[in-house]
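The structure under discussion appears below in the form of structure tokens.
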Amino acid sequence: AQSVAQPEDQVNVAEGNPLTVKCTYSVSGNPYLFWYVQYPNRGLQFLLKYITGDNLVKGSYGFEAEFNKSQTSFHLKKPSALVSDSALYFCALTEERGNFNKFYFGSGTKLNVKP
Amino acid sequence: NAGVTQTPKFQVLKTGQSMTLQCAQDMNHEYMSWYRQDPGMGLRLIHYSVGAGITDQGEVPNGYNVSRSTTEDFPLRLLSAAPSQTSVYFCASSELAGGYNEQFFGPGTRLTVL
Numbered sequence: 002a003q004s005v006a007q008p009e010d011q012v013n014v015a016e017g018n019p020l021t022v023k024c025t026y027s028v029s030g031n032p033y034l035f036w037y038v039q040y041p042n043r044g045l046q047f048l049l050k051y052i053t054g055d056n057l058v059k060g061s062y063g064f065e066a067e068f069n070k071s072q073t074s075f076h077l078k079k080p081s082a083l084v085s086d087s088a089l090y091f092c093a094l095t096e097e098r099g100n101f102n103k104f105y106f107g108s109g110t111k112l113n114v115k116p
Numbered sequence: 083n084a085g086v087t088q089t090p091k092f093q094v095l096k097t098g099q100s101m102t103l104q105c106a107q108d109m110n111h112e113y114m115s116w117y118r119q120d121p122g123m124g125l126r127l128i129h130y131s132v133g134a135g136i137t138d139q140g141e142v143p144n145g146y147n148v149s150r151s152t153t154e155d156f157p158l159r160l161l162s163a164a165p166s167q168t169s170v171y172f173c174a175s176s177e178l179a180g181g182y183n184e185q186f187f188g189p190g191t192r193l194t195v196l
């Protein structure tokens, strides 16, 4: 069965420092992986996705993520955090085989960027 | 484009009442879905649709019904509300069915069942 884990409920970083938000997954086939961001009282917004190809994926607002098949991870990264990056981040998964119309989300990681 | 719209924004129900959460998109998207968001549990898929007249169950379908008579609309019906259905509900759509497409989310409906 597919599943997504975000092991950290909260990540705290100082503005200007690099940030990492962790995501690990479990699927039987090839994964399709996504990152979304949610600002307070808003719906989720798409950041980036990995479908196939280059393991380093670049997305919106300077975010990137690295797909690591051997470690079954898809960590979100940014070289220099901004206070405005403070939000709730979700990793999501579906897979190439089986029912690829069903998406599974992690529990979310709250990112706090302090000035 | 208004994108994905949801009504109402807030709703309070009593146990046993029924209601319909509305969702509409104006992007001619093929795929639409409903999620519930609960603290510490992320988003869980309730139902989804890959086109008009086609719906299927997600991870947590019990207590909810959906239909898709048009491409634009995908209402979610609570048949007999229970306190366990207190949650924030999000509707989402993507251009095509299939797991490689990003989803566009509505602003959500906050539902409280007393």
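Chains as they are written, first to last, in this note's numbering: chain A, 2 to 116; chain B, 83 to 196. We put the CB at the ideal spot given by N, CA and C, even for glycine. If you're wondering where the values come from, they're calculated on a predicted model, not measured in any experiment.
First through last residue of the beta strand (DSSP E) which encompasses residue i
{"i": "Ser131(B)", "result": "124-133"}
{"i": "Phe104(A)", "result": "Counting along the chain, Phe104(A) falls outside any beta strand (DSSP E), and DSSP gives it neither H nor E."}
{"i": "Arg192(B)", "result": "191-195"}
{"i": "Ala1(A)", "result": "Not covered by the structure: residue 1(A). The range shown for chain A is 2 to 116."}
{"i": "Leu161(B)", "result": "Where Leu161(B) is concerned, there is no enclosing beta strand (DSSP E), given that its DSSP letter is neither H nor E."}
{"i": "Ser27(A)", "result": "25-27"}
{"i": "Thr21(A)", "result": "20-22"}
Closest Cα partner of residue i within the set the options
{"i": "Tyr117(B)", "options": "Ser169(B), Ala163(B), Leu161(B), Thr152(B)", "result": "Ser169(B)"}
{"i": "Leu196(B)", "options": "Gly180(B), Ser162(B), Ser175(B), Cys173(B)", "result": "Ser162(B)"}
{"i": "Tyr1(A)", "options": "Cys92(A), Gln46(A), Ser74(A)", "result": "Outside the modelled stretch of chain A, which goes from 2 to 116, sits residue 1(A), for which no answer is possible."}
{"i": "Phe68(A)", "options": "Asn42(A), Phe101(A), Asn100(A), Val22(A)", "result": "Val22(A)"}
{"i": "Ala164(B)", "options": "Pro90(B), Asn144(B), Phe187(B), Thr137(B)", "result": "Asn144(B)"}
{"i": "Ile52(A)", "options": "Ala93(A), Asn113(A), Ala2(A)", "result": "Ala93(A)"}
{"i": "Glu154(B)", "options": "Gln99(B), Gly180(B), Met114(B), Leu103(B)", "result": "Met114(B)"}
{"i": "Asp86(A)", "options": "Gly54(A), Gly44(A), Glu16(A), Gln7(A)", "result": "Glu16(A)"}
Coarse secondary structure for residue i, derived from DSSP in three states
{"i": "Pro32(A)", "result": "strand"}
{"i": "Val142(B)", "result": "coil"}
{"i": "Tyr40(A)", "result": "coil"}
{"i": "Ser81(A)", "result": "coil"}
{"i": "Ser166(B)", "result": "helix"}
{"i": "Asp86(A)", "result": "helix"}
{"i": "Tyr171(B)", "result": "strand"}
{"i": "Tyr62(A)", "result": "helix"}
{"i": "Lys96(B)", "result": "coil"}
{"i": "Asp120(B)", "result": "strand"}
{"i": "Lys91(B)", "result": "coil"}
{"i": "Gln11(A)", "result": "strand"}
{"i": "Ala84(B)", "result": "coil"}
{"i": "Met114(B)", "result": "strand"}
{"i": "Asn183(B)", "result": "coil"}
{"i": "Asn56(A)", "result": "coil"}
{"i": "Gln107(B)", "result": "strand"}
Cβ separation of residue i and residue j, assumed to be a contact under 8 Å, to the nearest whole Å
{"i": "Val38(A)", "j": "Leu48(A)", "result": "6 Å"}
{"i": "Lys78(A)", "j": "Asn13(A)", "result": "16 Å between Cβ atoms; not a contact."}
{"i": "Val148(B)", "j": "Leu158(B)", "result": "6 Å"}
{"i": "Glu112(B)", "j": "Val94(B)", "result": "In fact, because the Cβ distance is near 34 Å, the residues do not count as touching under 8 Å."}
{"i": "Glu96(A)", "j": "Asn31(A)", "result": "6 Å"}
Checklist entry - Touching or not, the region 161-181 of chain B and the region 105-113 of chain A, by the rule of three or more beta carbon pairs under 8 Å? => result By the criterion of at least three beta-carbon pairs nearer than 8 Å, the region 161-181 of chain B is not in contact with the region 105-113 of chain A.
Next on the checklist: What are the residues in the region 102-123 of chain B lying within 8 Å of chain D by C-beta distance?
Outcome noted: In the structure shown, chain D does not exist; the protein chains are A and B.
Item to check | Segment contact, 8 Å Cβ cut-off, at least three pairs: the region 97-107 of chain B with the region 172-192 of chain B | outcome: Put simply, the region 97-107 of chain B touches the region 172-192 of chain B. At least three CB pairs are less than 8 Å apart.
Checklist entry - Taking contact to mean at least 3 C-beta pairs separated by less than 8 Å, is the region 66-80 of chain A in contact with the region 19-37 of chain A? => result In short, these stretches touch, since the Cβ pair count reaches three.
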